[in-house]
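Q: Let me give you the structure first, and then I'll get to my questions.
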Amino acid sequence: MPNDSSKDQFVSGQSIVANAATPISFQLSSGSNHDDPEARLLIPMLGECFCNCNVSLLMDKAYEGDEVRSAAVFKGLLPVVPPKSNRKEPWEYDKQLYKRRNEVERYFRRLKSYRRVFTRYDKLDVMYSSFVMFAMTTEILCR
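In this note's numbering, the protein residues as written are 5 to 147.
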């Protein structure tokens with residue numbers, strides 16, 4: 005009989021960093037994890053070619069925590085994320101640039117058109133991430 009810790013082995017979420025045409029990095033997470041800590045692990049994985057050159061990092065409100073934004077600034081990225089409505093000290097952000105975040109959402113939709121990505125039949129992270137990489141590669145080649 006499996007114990008409770010085996011639930012975290014099943015993949016429930018993914019985070020992807022991508023530029024306009026291709027994915028750069030991705031990470032799997034369990035569904036019980038919030039997006040904010042996962043982003044703190046993903047941002048340091050970005051290569052040096054994207055850092056320290058005024059590259060914008062578009063994020064949704066799930067990533068608007070102070071630690072994630074400071075990690076992005078530390079890497080030399082410009083975080084573009086709207087503050088939550090209950091923030092006591094909201095900040096300004098580039099609203100026109102933030103509108104381009106829909107490109108990432110459309111990319112997720114294209115990945116989810118692959119049945120194995122959408123339904124998450126694979127029980128092992130290595131099998132699921134392998135197929136996600138296959139789907140990403142197929143999307144790059146089909147464009």
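Cβ atoms here follow ideal geometry from the backbone N, Cα and C, with glycine treated the same way.
Tell me the rounded alpha-carbon separation between residue 89 and residue 65.
A: Taking the sequence shown and counting its residues from 1, the one referred to as residue 89 is at position 85. Taking the sequence shown and counting its residues from 1, the one referred to as residue 65 is at position 61. C-alpha separation (whole angstroms): 10 Å.
Q: Apart from the five residues on each side of it in sequence, which residues of its chain come closer than 7 Å, Cβ to Cβ, to residue 10?
A: As a working mapping, residue 10 is identified with position 6 in the sequence shown. Here the model assigns residue 10 a pLDDT of 39, short of 50, so the residue's position is not dependable, and the following value carries that caveat. Result list for residue 10: empty, nothing under 7 Å.
Q: At what residues does the alpha helix (DSSP H) containing residue 50 begin and finish?
A: As a working note, residue 50 is residue 46 in the sequence shown. Careful: residue 50 lies outside any alpha helix (DSSP H) and carries neither H nor E.
Q: So the beta strand (DSSP E) residue 145 belongs to, where does it begin and stop?
A: For the purposes of this step, residue 145 is taken as residue 141 along the sequence shown, with counting starting at 1. Run containing residue 145: none in the beta strand (DSSP E); it sits in the alpha helix (DSSP H), 129-146.
Q: Look up residue 59 in the DSSP assignment and say whether it is helix, strand or coil.
A: Along the sequence shown, read from residue 1 onward, the residue named residue 59 stands at position 55. Three-state result, residue 59: strand.
Q: Under the assumption that residue 105 contacts residue 62 (Cβ atoms under 8 Å), give the Cβ distance between them as a whole number of angstroms.
A: On the sequence shown, position 101 is the one that residue 105 refers to. On the sequence shown, position 58 is the one that residue 62 refers to. Right, their Cβ atoms sit about 5 Å apart.
Q: Is the Cβ-Cβ distance between residue 70 and residue 84 less than 8 Å?
A: For this step, residue 70 is matched to residue 66 along the sequence shown. For this step, residue 84 is matched to residue 80 along the sequence shown. Going by C-beta atoms, residue 70 is not nearer than 8 Å to residue 84.
Q: Within 10 angstroms of its Cβ, does residue 119 collect 16 or more other Cβ (buried), or is it exposed?
A: Locating residue 119 in the sequence shown gives position 115, counting from the first residue. It counts as exposed.
Q: Determine the DSSP secondary structure at residue 117, reduced to helix, strand or coil.
A: As a position in the sequence shown, residue 117 is number 113, starting the count at 1. Three-state result, residue 117: coil.
Q: Distance check for residue 47 and residue 75, CA to CA, integer angstroms please.
A: As a working mapping, residue 75 is identified with position 71 in the sequence shown. As a working mapping, residue 47 is identified with position 43 in the sequence shown. When rounded, the distance between both Cα atoms is 7 Å.
Q: According to the neighbour-count rule (16 or more other Cβ atoms, all chains shown, within 10 Å of its Cβ), is residue 101 buried or exposed?
A: In the sequence shown, residue 101 corresponds to position 97, counting from 1. Residue 101 is exposed by the Cβ-count criterion.
Q: Between which two residues does the alpha helix (DSSP H) containing residue 85 stretch?
A: Indexing the sequence shown from 1 puts residue 85 at position 81. Premise fails: residue 85 is in no alpha helix (DSSP H) and is neither H nor E.
Q: Spatial neighbours of residue 114 within its chain, please: C-beta separation below 8 Å, excluding the five flanking residues on both sides.
A: Your numbering for residue 114 matches position 110 in the sequence shown. 143.
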